[in-house]
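> Numbering-wise (our numbering), the sequence shown opens with residue 2 and increments by one. Cβ atoms here follow ideal geometry from the backbone N, Cα and C, with glycine treated the same way. Quick one: the structure is below, and I'll ask about it shortly.
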Amino acid sequence: MSSTLTRLAPAGDAIRDAVALRRRTRILALPEARWAAVSLVLFLIALPLYLLDAPAWAWGPLLALTYASGGWEPGWAGLQALKEKMLDVDLLMVVAALGAAAIGQVLDGALLIVIFATSGALEAIATARTADSVRGLLDLAPATATRLGDDGTEESVPSERLAVGDVILVRPGERIGADGRVLDGASEVDQATITGEPLPVTKEAGDEVFAGTLNGTGALRVKVERDPSDSVIARIVALVEEASQTKAPTQLFIEKVEQRYSVGMVAATVALFALPLLFGAALRPTLLRAMTFMIVASPCAVVLATMPPLLSAIANAGRHGVLVKSAVVMEQLGQVDAVALDKTGTLTEGTPRVTDVRPLNSSGLDEDALLRYAAAAEHPSEHPLARAIVDAARTRNLDIPPVEDFTSAPGIGVTATVEGGRAVAVGSPARLTDGRAGHPAASVAARLEDEGRTAVLVEVEGAPVGVLGVADRLREEAAAAVTALKVLTGRAPVLVTGDNPRAAARLASDAKIIDVRAGLLPQDKVTVVRELEQAGRRVLVVGDGVNDAPALAAAHTGIAMGGAGSDLALQSADAVVVRDELATVPAVVALSRRARRLVVQNLVIAGTFITGLVIWDLAGTLPLPLGVAGHEGSTVIVGLNGLRLLTDSAWRRALSGNGQ
Numbered sequence: 002m003s004s005t006l007t008r009l010a011p012a013g014d015a016i017r018d019a020v021a022l023r024r025r026t027r028i029l030a031l032p033e034a035r036w037a038a039v040s041l042v043l044f045l046i047a048l049p050l051y052l053l054d055a056p057a058w059a060w061g062p063l064l065a066l067t068y069a070s071g072g073w074e075p076g077w078a079g080l081q082a083l084k085e086k087m088l089d090v091d092l093l094m095v096v097a098a099l100g101a102a103a104i105g106q107v108l109d110g111a112l113l114i115v116i117f118a119t120s121g122a123l124e125a126i127a128t129a130r131t132a133d134s135v136r137g138l139l140d141l142a143p144a145t146a147t148r149l150g151d152d153g154t155e156e157s158v159p160s161e162r163l164a165v166g167d168v169i170l171v172r173p174g175e176r177i178g179a180d181g182r183v184l185d186g187a188s189e190v191d192q193a194t195i196t197g198e199p200l201p202v203t204k205e206a207g208d209e210v211f212a213g214t215l216n217g218t219g220a221l222r223v224k225v226e227r228d229p230s231d232s233v234i235a236r237i238v239a240l241v242e243e244a245s246q247t248k249a250p251t252q253l254f255i256e257k258v259e260q261r262y263s264v265g266m267v268a269a270t271v272a273l274f275a276l277p278l279l280f281g282a283a284l285r286p287t288l289l290r291a292m293t294f295m296i297v298a299s300p301c302a303v304v305l306a307t308m309p310p311l312l313s314a315i316a317n318a319g320r321h322g323v324l325v326k327s328a329v330v331m332e333q334l335g336q337v338d339a340v341a342l343d344k345t346g347t348l349t350e351g352t353p354r355v356t357d358v359r360p361l362n363s364s365g366l367d368e369d370a371l372l373r374y375a376a377a378a379e380h381p382s383e384h385p386l387a388r389a390i391v392d393a394a395r396t397r398n399l400d401i402p403p404v405e406d407f408t409s410a411p412g413i414g415v416t417a418t419v420e421g422g423r424a425v426a427v428g429s430p431a432r433l434t435d436g437r438a439g440h441p442a443a444s445v446a447a448r449l450e451d452e453g454r455t456a457v458l459v460e461v462e463g464a465p466v467g468v469l470g471v472a473d474r475l476r477e478e479a480a481a482a483v484t485a486l487k488v489l490t491g492r493a494p495v496l497v498t499g500d501n502p503r504a505a506a507r508l509a510s511d512a513k514i515i516d517v518r519a520g521l522l523p524q525d526k527v528t529v530v531r532e533l534e535q536a537g538r539r540v541l542v543v544g545d546g547v548n549d550a551p552a553l554a555a556a557h558t559g560i561a562m563g564g565a566g567s568d569l570a571l572q573s574a575d576a577v578v579v580r581d582e583l584a585t586v587p588a589v590v591a592l593s594r595r596a597r598r599l600v601v602q603n604l605v606i607a608g609t610f611i612t613g614l615v616i617w618d619l620a621g622t623l624p625l626p627l628g629v630a631g632h633e634g635s636t637v638i639v640g641l642n643g644l645r646l647l648t649d650s651a652w653r654r655a656l657s658g659n660g661q
């Protein structure tokens, strides 16, 4: 890498840091934080006056303003909930504070308001940080882009006004304004904000680039292929925000129990106050004990136990290219104990490539000459195999001569007249040879097909000159991903594919998969999923094509490979891997499992605090300030514990297999 590009990398880091700082919500921009700050300042001014026995007129108004500034917002929210016949714990806290003031515990009530308001502010800040971490991606896309006219004129336009088909110029050091494909030029692009890759990636004609990534030292002409509202960044933000509006089954269960629990808690508080009075207890200590009980028994921490870990995991996965469509899905991903993987486009790259060039001994051609003839004949064709052959010739920097009289016969192959008037035919060995026994190319083609390749016969002037082997290449990370999924679920994934058994077996061997189901139609893949479910398994299906959509929909959870995935597969799946990085599949499963563990941790923490404080209040004498501190402290601990999954280190742990 050149020294110039080496110097650009820190600049990219600086840009990302500046964007993050600009997008981060300022604390005082949140109303909860402003009111909590006002309440705290007023309380701190009044506290020394109260403790030094200053006149009531000196500290009384300050404490009254403390109550008003810190308590009006949760009190109003509680009254609104009460209109909907919902008992909100915020209202209970305000009532407890006013009750303390009514029996002369003015300072204790004010302390309750201050701590409660501060706790609410911390929750609001944590929630805002979760949103910031995802929405900050939007600022990575530049505000303007240089659009090129048909006559080469340049025009600076807002990035959101770019349309599919527009051509933009990206100068050195600029950020790319839209998702698209390079038409010409060469440069190294820092796309860590999208892919997480630590080093810049070389981009040349034909390569895909993403909005918001940083161009290096070369200039690029890029054709816009996605509307700005549909860019990778925009899709990540939209889907993560949509997922944030959903509630996981655990959260829904907690909310259902919360209302009954709150009603029971209020009833217990009334009984704890009324019964001792009937037996002659003093009013003030009885009321104080009852209010302390109501505070410490409130389920604030329990309610906050579930969603922060799941939403943090959704946001983190979204930043790293996995769009989880709901909190329900994020919870379900951690439950899977069996995985079914599609082959083409999932375990493989989905693009055929020439793997073998076999000239016949009698042809007098070497590999380059054979490939040159084949590429010339296939050049006008749009067939995937033709594209693979032409790409292979270009990779070897071969000169592809022009052709005449090109014809294509579906299922058979192509013919064309190449330089010197030579007739070249390229196509299926079985069709071109008409099944003739003893054909010189038959044994070569058979060996390639036995190895799982697609054999392509090349003839010049009616005589066979060689055979090409074409295959879909296994993704580099496939074997590691399969191993990681096996470790996570306790069993090796199943390969489900419509491909022939020989090709499937070869690829399965390379990917370290033993259980292979080949030659399957879409309904057959669903049958495999049903069989695994009947065996008591929660199945994760990973696929990309239309033929995978039924299985994706039928599975406990479905993940679609989004790069080349069909629209139907993307709609049927519960999550989408935007950049086709198979390694992120076990990572998001591991992240989900960690989120579920944090939910359990939070419930244990909340339950322990509530149980301990309630027992202390009932069996002994729990001071109101200490009860408030314990209750609100547990709420803050639970909230912050869930937000641990927002960090990049949490994703790295999941990706490395240490986060399961």
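Select from Asp191, Val471, Thr484 the residue whose C-alpha is nearest the C-alpha of Leu429.
Correcting the residue type first, residue 429 is Ser in the shown sequence and not Leu. Of Asp191, Val471, Thr484, the residue nearest in Cα terms is Val471.
> My assumption, with CB atoms under 8 Å, is that Arg222 sits in contact with Leu149. Please give the rounded CB distance.
Sure, about 7 Å apart at Cβ, within 8 Å.
> Excluding the five sequence neighbours on either side, which residues of its own chain have a C-beta within less than 8 Å of the C-beta of Pro402, listed in chain order?
Same-chain partners within the cutoff: Arg373, Ala377, Val419, Glu420.
> What are the boundary residues of the beta strand (DSSP E) that includes Gly428?
Where Gly428 is concerned, the enclosing beta strand (DSSP E) stretches over 423-428.
> Are the CB atoms of Leu342 and Leu1 within a distance shorter than 8 Å?
No answer is possible for residue 1: it lies beyond the span of the chain, which begins at 2 and ends at 661.
> Distance check for Cys301 and Ile606, CA to CA, integer angstroms please.
If I take the Cα positions, the gap works out to 12 Å.
> Report yes if the CB atom of Asp109 is closer than 8 Å to the CB atom of Pro587, and no otherwise.
In this structure, Pro587 does not lie closer than 8 Å to Asp109 by Cβ.
> Sort Thr218, Met562, Gly181, His321 by Cα distance to Val225 and report the nearest one.
Cα-wise, what sits closest to Val225 is Gly181.
> Kindly indicate which three-state DSSP category Ser657 falls into: helix, strand or coil?
The answer is helix: DSSP assigns Ser657 an H, G or I state.
> Please decide whether Val158 counts as near chain D, where near means a Cβ-Cβ distance under 8 Å.
This model lacks chain D altogether; it includes just one protein chain.
> Identify which residue in Leu614, Glu350, Ala206, Arg27 has its Cα closest to the Cα of Arg635.
Correcting the residue identity first, residue 635 is Ser in this sequence and not Arg. The residue with the shortest Cα to Cα distance from Ser635 is Leu614.
> At which residues does the beta strand (DSSP E) containing Lys326 begin and terminate?
Here Lys326 belongs to no beta strand (DSSP E), and DSSP marks it neither H nor E.
> Once DSSP output is grouped into helix, strand and coil, what is the label at Thr218?
In the structure shown, Thr218 sits in coil (DSSP, three-state: anything other than H, G, I, E or B).
> What did DSSP end up calling Phe407 once you bin it into helix, strand or coil?
Residue state, collapsed to three classes: strand.
> Buried or exposed for Trp1, please, with buried defined as at least 16 other CB atoms from any protein chain shown within 10 angstroms of its CB.
Residue numbering for the chain in the displayed model covers 2 to 661; residue 1 lies beyond these limits and cannot be assessed.
> Assuming Val337 is part of the alpha helix (DSSP H), what are its boundary residues?
No alpha helix (DSSP H) contains Val337, which DSSP labels as neither H nor E.
> Whole alpha helix (DSSP H) runs in the stretch 52-92 with 4 or more residues, listed along the chain?
Counting only runs of 4 or more, we get 57-84.
> Have a look at the DSSP bridge pairing and note the partners of Asp473.
Pro353, per the DSSP bridge assignment.
> Nearest by alpha-carbon distance to Ser593: which of Gln333, Arg645, Leu475 is it?
Out of Gln333, Arg645, Leu475, Gln333 has the C-alpha closest to the C-alpha of Ser593.
> For Thr558, does the three-state DSSP call read helix, strand or coil?
If DSSP states are grouped into helix, strand and coil, Thr558 belongs with the strands.
> Need the endpoints of the alpha helix (DSSP H) that Ala588 sits in, please.
Unbroken alpha helix (DSSP H) run through Ala588: 585-620.
> Cutting at 7 Å between CB atoms, please list the residues of its own chain near Trp36, excluding the five before and the five after it.
Within the same chain, Trp36 has close Cβ partners Ser70, Gly71, Glu74, Ala118.
> Measure how close the beta-carbons of Leu64 and Ala97 come, nearest whole angstrom, since I'm counting them as under 8 Å.
The Cβ separation is near 16 Å, so there is no contact.
> Using the three-state DSSP reduction, which class does Ser120 fall into: helix, strand or coil?
Residue state, collapsed to three classes: helix.
> Which word fits Thr633, buried or exposed, when buried means at least 16 other C-beta atoms lie within 10 angstroms of its C-beta?
Just to set this straight, residue 633 is Glu in the shown sequence, not Thr. Its Cβ being crowded by 16 or more others within 10 Å, Glu633 is buried.
> Hey, how far is the Cα of Ala555 from the Cα of Leu449?
Their backbone Cα atoms lie some 36 Å apart in a straight line.
> For the beta strand (DSSP E) containing Gly181, list its first residue and its last residue.
Element bounds for Gly181: 181-186.
> Determine the extent of the beta strand (DSSP E) in which Lys204 is found, giving its start and end residues.
That run of the beta strand (DSSP E) goes 202-204.
> Taking C-alpha atoms, which residue in Leu619, Arg503, Ala596, Gly491 lies nearest to Arg654?
Comparing Cα positions, the closest option is Ala596.
> Once you ignore the five residues that flank Pro353 on each side, which residues in its own chain have a CB closer than 8 Å to its CB?
Hits under 8 Å: Pro385, Leu386, Arg388, Ala389, Thr455, Val471, Ala472, Asp473.
> Out of Leu170, Val329, Ile611, which has the shortest C-alpha to C-alpha gap to Met295?
Checking every option, the nearest Cα to that of Met295 belongs to Ile611.
> Need the endpoints of the alpha helix (DSSP H) that Ala479 sits in, please.
Taken as a continuous stretch (DSSP letters only), the alpha helix (DSSP H) holding Ala479 covers 479-490.
> Any chance the stretch 501-520 sits against the stretch 354-368, with 3 or more Cβ pairs inside 8 Å?
With a cut-off of 8 Å, the stretch 354-368 and the stretch 501-520 do not count as touching, because too few Cβ pairs lie within range.
> Going by DSSP, what residues sit across from Ser157 in a beta bridge?
Note: Ser157 sits in a beta bridge opposite Thr147.
> Given that a residue counts as buried once 16 or more other Cβ atoms are within 10 Å of its Cβ, and exposed if not, what is Glu1?
It is not possible to answer for residue 1, since the shown part of the chain is limited to 2 through 661.
> Since I believe Ala339 is in contact with Leu553 (beta carbons under 8 Å), could you give me their beta-carbon distance rounded to a whole number of angstroms?
Their Cβ separation, rounded to whole angstroms, is 15 Å, which puts Leu553 and Ala339 out of contact at 8 Å.
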